[in-house]
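Here's the structure we're looking at; comments come further down.
There are 2 protein chains.
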Amino acid sequence: MKKLIECVPNFSEGRDTNKIEKIVDNFRGKKDLKLLDYQWDEDHNRSVVTVVGEPNALKEAVINAVGTAQELIDMTSHEGQHPRMGATDVIPFIPVKNTTVEECIELSKEVGKELWEKYQIPVFLYEKSASAAHRKNLSKIRKGQYEGMEEKIQEEKWRPDFGDTFNKKSGVTAVGARSPLVAFNVNLDTDNIDIANKISKQVRHISGGFRYCKAMGVELKDRGIVQVSMNMTDYTKTALYQTFEAIKMEAKRWGVNVVGSEIVGLVPMMALVNTAEYYLGIEDFQPEQILESHLME
Amino acid sequence: MKKLIECVPNFSEGRDTNKIEKIVDNFRGKKDLKLLDYQWDEDHNRSVVTVVGEPNALKEAVINAVGTAQELIDMTSHEGQHPRMGATDVIPFIPVKNTTVEECIELSKEVGKELWEKYQIPVFLYEKSASAAHRKNLSKIRKGQYEGMEEKIQEEKWRPDFGDTFNKKSGVTAVGARSPLVAFNVNLDTDNIDIANKISKQVRHISGGFRYCKAMGVELKDRGIVQVSMNMTDYTKTALYQTFEAIKMEAKRWGVNVVGSEIVGLVPMMALVNTAEYYLGIEDFQPEQILESHLME
Chain Z
6 MKKLIECVPN FSEGRDTNKI EKIVDNFRGK KDLKLLDYQW DEDHNRSVVT VVGEPNALKE
66 AVINAVGTAQ ELIDMTSHEG QHPRMGATDV IPFIPVKNTT VEECIELSKE VGKELWEKYQ
126 IPVFLYEKSA SAAHRKNLSK IRKGQYEGME EKIQEEKWRP DFGDTFNKKS GVTAVGARSP
186 LVAFNVNLDT DNIDIANKIS KQVRHISGGF RYCKAMGVEL KDRGIVQVSM NMTDYTKTAL
246 YQTFEAIKME AKRWGVNVVG SEIVGLVPMM ALVNTAEYYL GIEDFQPEQI LESHLME
Chain R
6 MKKLIECVPN FSEGRDTNKI EKIVDNFRGK KDLKLLDYQW DEDHNRSVVT VVGEPNALKE
66 AVINAVGTAQ ELIDMTSHEG QHPRMGATDV IPFIPVKNTT VEECIELSKE VGKELWEKYQ
126 IPVFLYEKSA SAAHRKNLSK IRKGQYEGME EKIQEEKWRP DFGDTFNKKS GVTAVGARSP
186 LVAFNVNLDT DNIDIANKIS KQVRHISGGF RYCKAMGVEL KDRGIVQVSM NMTDYTKTAL
246 YQTFEAIKME AKRWGVNVVG SEIVGLVPMM ALVNTAEYYL GIEDFQPEQI LESHLME
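The listed protein sequences correspond, in order, to chains Z and R.
Using the numbering used here, the letters of the first sequence correspond one by one to residues 6 to 302.
Using the numbering used here, the letters of the second sequence correspond one by one to residues 6 to 302.
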């Protein structure tokens with residue numbers, strides 16, 4: 006069984022499509038690698054690539070793409086709305102199939118080491134790969150952005166995990182492992198945003214809810230309703246159905262009903278299979294029983 | 006997007022593994038084709054191959070396999086417990102990805118035509134491909150078995166769809182399209198088989214229940230409970246959750262509870278995704294949102 010890891014590298018180029026294509030070319034036509042998507046945003050001046058592959062193929066392609074980004078992007082003249090600190094800003098690795106977060110951590114360290122040795126780009130390990138608690142959160146690492154990095158990486162607390170000298174042209178890159186993230190929103194039959202916010206507080210980790218749930222209230226103005234908008238940061242630990250049932254329960258308190266939900270973007274098959282298993286009470290179900298699990302590369 | 010069709014041909018050889026391997030070889034190492042499984046049973050003297058592929062690759066391999074079976078199997082000396090009428094007994098085609106039952110019907114007709122023209126094996130189209138209502142059911146077509154076929158195919162009602170002369174060595178083959186079948190069993194907290202049988206009658210098509218559900222009561226003696234054992238013959242029309250909720254409702258009448266369920270063998274991903282969609286009330290969900298849908302060959 007092949008090991009499959011997803012990688013979603015972010016590059017600080019969202020305007021020159023020639024340059025974007027050249028960076029993305031590193032992920033095209035490669036064995037054991039599949040380019041799923043790439044998007045760019047002119048205001049953010051940033052592009053995001055989604056690619057899935059075997060660890061070694063992925064590692065090679067990602068390192069080559071960072072090389073191309075180093076050649077084509079000059080951070081000394083970069084401007085854009087999205088916070089950024091490097092030509093290759095961040096490289097997250099996510100386990101997809103027959104792999105664990107631990108293997109992604111290992112991969113992130115190998116890639117980080119090589120980015121410094123090959124290109125002299127300093128690297129922070131972040132999220133699950135972080136070397137200290139205060140370095141888990143990407144926005145904390147990136148605070149001060151490219152312009153503040155030369156100074157920041159001299160602070161004891163913010164020494165990069167690989168490298169010690171600032172790279173003027175390419176800045177600094179964060180590399181790390183994270184769990185697959187599911188954007189899961191639950192709709193309520195009220196236009197009262199306070200209720201959505203109150204329920205969000207009950208289910209989200211930071212204010213006492215589920216460990217792997219981030220949540221906030223959002224208005225859907227065209228529909229005249231509100232929703233509890235969630236990021237499920239590890240569906241293998243906090244399942245979609247857990248937050249869904251909790252929101253139903255909390256909604257009752259306000260005389261409000263759950264009227265539906267939505268999943269935004271990609272979702273791992275097992276997040277939904279796990280939900281079906283719960284509601285049907287399926288015993289001893291094995292992922293190998295899913296026909297499509299045999300059809301994946 | 007590739008079209009993927011599943012095929013589960015049954016061959017009348019379950020003892021001579023050399024012969025079985027030679028038949029199965031037709032599905033190995035072929036482009037756009039993947040052998041998922043093959044099993045044989047000595048008592049039944051029969052083997053079952055599970056293969057998935059693009060329509061053209063599948064068609065070619067299946068026709069070649071029938072040719073090998075024709076060479077290696079002599080029906081005049083075949084005996085086994087399982088009913089059978091040909092060296093290649095039955096060839097079902099099942100839509101898996103980016104295909105419809107209609108395309109599988111078309112494929113079954115092309116294969117049937119070629120089996121007669123190339124090998125002079127008479128062919129019945131069955132299930133969704135059947136040319137008349139009385140020819141849908143395989144067991145009705147096969148009634149009388151190999152030994153009775155020479156006579157049977159002379160009857161007006163049982164003229165083959167392709168061919169008109171009996172093939173002594175290879176017998177007769179059924180080819181047809183069918184929907185993916187899910188074996189779904191729901192467990193009850195009673196040892197009373199009558200209750201499982203009564204509930205089965207309420208949910209199964211033949212006695213007034215759901216159109217694409219076959220059901221019967223089964224005792225799980227080691228656990229001291231009974232189950233409603235179902236074959237879901239088209240989960241896209243009759244969903245798993247529909248029968249599950251109906252069984253819960255019927256169970257109440259007998260003071261009995263549903264305590265779990267099981268899925269036996271393979272299940273198409275969408276049968277479970279569909280269930281998760283129902284219970285979470287997910288709006289506007291697209292199969293392309295499933296990460297793994299992009300990883301299939």
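Note that beta-carbon positions come from the ideal geometry of N, C-alpha and C, so glycine has one too.
TODO: Could you tell me whether any Cβ in chain Z is nearer than 8 Å to the Cβ of lysine 226 of chain R?
DONE: no
TODO: Note down, in chain order, each residue of its chain lying with its Cβ closer than 7 Å to the Cβ of lysine 27 of chain Z, except the 5 sequence neighbours on either side.
DONE: Hits under 7 Å: Thr73, Leu77.
Task: Cβ contact check for the segment 98-112 of chain R and the segment 55-72 of chain R: 3 or more pairs under 8 Å - done: yes
Open item on the list: Quick check: the Cα distance between leucine 277 of chain Z and leucine 271 of chain R, rounded to an integer number of angstroms?
Closed with: Going by the C-alpha atoms only, they are around 17 Å apart.
- [ ] Check distances from the C-beta atoms of the segment 273-297 of chain Z to those of chain R and list, in chain order, the residues that come in under 7 Å.
- [x] Of all residues in the segment 273-297 of chain Z, the ones placed with a Cβ closer than 7 Å to any Cβ belonging to chain R are Pro273, Met274, Leu277, Val278, Thr280, Ala281, Tyr284, Leu285, Gly286, Ile287, Glu288, Asp289, Phe290, Gln294, Ile295, Leu296, Glu297, in chain order.
Task: Helix, strand or coil at tyrosine 240 of chain Z according to DSSP, with G and I counted as helix - done: coil
TODO: Quick one: residues in its chain with C-beta nearer than 6 Å to the C-beta of valine 233 of chain R, no 5 flanking neighbours on either side, listed in chain order?
DONE: Val191, Ala201, Ile204, Ser205, Ala220, Ile252
Open item on the list: Under 8 Å, Cβ to Cβ, is there at least one residue of chain Z near threonine 145 of chain R?
Closed with: Residue identity check: residue 145 of chain R is lysine in the sequence provided, not threonine. By this cut-off, lysine 145 of chain R is not an interface position.
Open item on the list: I need the straight-line Cα distance from histidine 299 of chain R to tryptophan 45 of chain R, nearest angstrom please.
Closed with: Cα-Cα distance, rounded: 33 Å.
Open item on the list: For a quick check, are the C-beta atoms of threonine 280 of chain R and alanine 244 of chain R less than 8 Å apart?
Closed with: yes
TODO: Say whether the segment 157-173 of chain R touches the segment 125-132 of chain R, bearing in mind that this needs 3 or more beta-carbon pairs closer than 8 Å, one atom from each stretch.
DONE: yes
Open item on the list: Can you confirm whether glutamate 267 of chain R, when its beta carbon is compared against all beta carbons of chain Z, has any partner nearer than 8 Å?
Closed with: yes
Open item on the list: Please determine whether the Cβ atom of glycine 213 of chain Z lies at a distance below 7 Å from any heavy atom of the ligand COA.
Closed with: The ligand COA is not part of the structure shown, which contains no ligands of any sort.
Open item on the list: Closer than 9 Å between beta carbons: that is the criterion. Which residues of the segment 25-50 of chain R meet it against chain Z?
Closed with: Lys39, Leu41, Asp42
- [ ] Could you tell me whether any Cβ in chain R is nearer than 8 Å to the Cβ of phenylalanine 98 of chain Z?
- [x] Not a single CB atom of chain R sits nearer than 8 Å to the CB of phenylalanine 98 of chain Z.
Open item on the list: In whole angstroms, give me the CA-to-CA distance for threonine 104 of chain R and lysine 36 of chain R.
Closed with: 19 Å
TODO: Please list the partners that leucine 9 of chain R has in chain Z, where partner means a Cβ-to-Cβ separation under 8 Å.
DONE: Leu300
- [ ] With 8 Å as the limit, tell me which residues of the segment 89-121 of chain Z have their beta carbon closer than that to any beta carbon of chain R; keep them in chain order.
- [x] Hits within the stretch, in order: Val101, Lys102.
Open item on the list: Closest to tyrosine 217 of chain R by C-alpha separation, out of R/Leu120, R/Pro185, R/Asp194, R/Gly229, would be which residue?
Closed with: R/Pro185
TODO: With DSSP collapsed to three states, give me the class of arginine 228 of chain Z.
DONE: Three-state DSSP puts arginine 228 of chain Z in coil, outside helix and strand.
Open item on the list: Taking the alpha carbon of alanine 182 of chain Z as the reference point, which residue from Z/Cys12, Z/Val231, Z/Lys7 has its own alpha carbon closest?
Closed with: Z/Cys12
Task: Length-filtered (4 minimum) alpha helix (DSSP H) runs lying within the segment 22-99 of chain R - done: 22-29, 60-77
Task: Within 9 Å of chain R by C-beta, residues of the segment 241-255 of chain Z in sequence order - done: Leu245, Tyr246, Phe249
TODO: With a floor of 3 residues, list each beta strand (DSSP E) that falls wholly inside the segment 232-302 of chain Z, ordered by position along the chain.
DONE: Runs of the beta strand (DSSP E) lying entirely within the segment 232-302 of chain Z and spanning at least 3 residues, in chain order: 263-269.
Open item on the list: Just to confirm the assignment, what range does the alpha helix (DSSP H) spanning glutamate 155 of chain Z have?
Closed with: 150-157
Task: Between the CA atoms of valine 223 of chain R and isoleucine 198 of chain R - distance to the nearest angstrom - done: 7 Å
Open item on the list: Determine, for valine 223 of chain R, whether the minimum Cβ-Cβ distance to residues of chain Z falls below 8 Å.
Closed with: no
TODO: Return no unless some Cβ of chain Z is closer than 8 Å to the Cβ of glycine 19 of chain R.
DONE: no
- [ ] Please list the residues of the segment 178-194 of chain R that have a C-beta atom closer than 9 Å to any C-beta atom in chain Z, keeping them in chain order.
- [x] Pro185, Phe189, Val191, Asn192
Task: Selection of the segment 57-75 of chain R by Cβ proximity to chain Z, strictly under 8 Å - done: Val57
TODO: Assign serine 144 of chain Z to buried or exposed, taking buried as 16 or more other Cβ atoms, counted over all protein chains shown, within 10 Å of its Cβ.
DONE: exposed
Open item on the list: If distances are taken between C-alpha atoms only, which option among Z/Tyr151, Z/Met254, Z/Ile99, Z/Phe16 comes closest to lysine 133 of chain Z?
Closed with: Z/Ile99
TODO: Counting only runs of 3+ residues fully inside the segment 103-175 of chain Z, write out the beta strand (DSSP E) ranges in chain order.
DONE: Taking only runs of at least 3 residues, the beta strand (DSSP E) segments lying wholly in the segment 103-175 of chain Z are 128-132.
TODO: Check asparagine 202 of chain R in the structure and name its three-state DSSP category.
DONE: Look at asparagine 202 of chain R here: in three-state DSSP terms it is helix.
TODO: Can you have a look at lysine 173 of chain R and say buried or exposed, based on whether 16 or more other CB atoms are within 10 angstroms of its CB?
DONE: exposed
Task: Residues sharing a beta bridge with phenylalanine 189 of chain Z, DSSP - done: Answer is Z/Met235, Z/Ile268.
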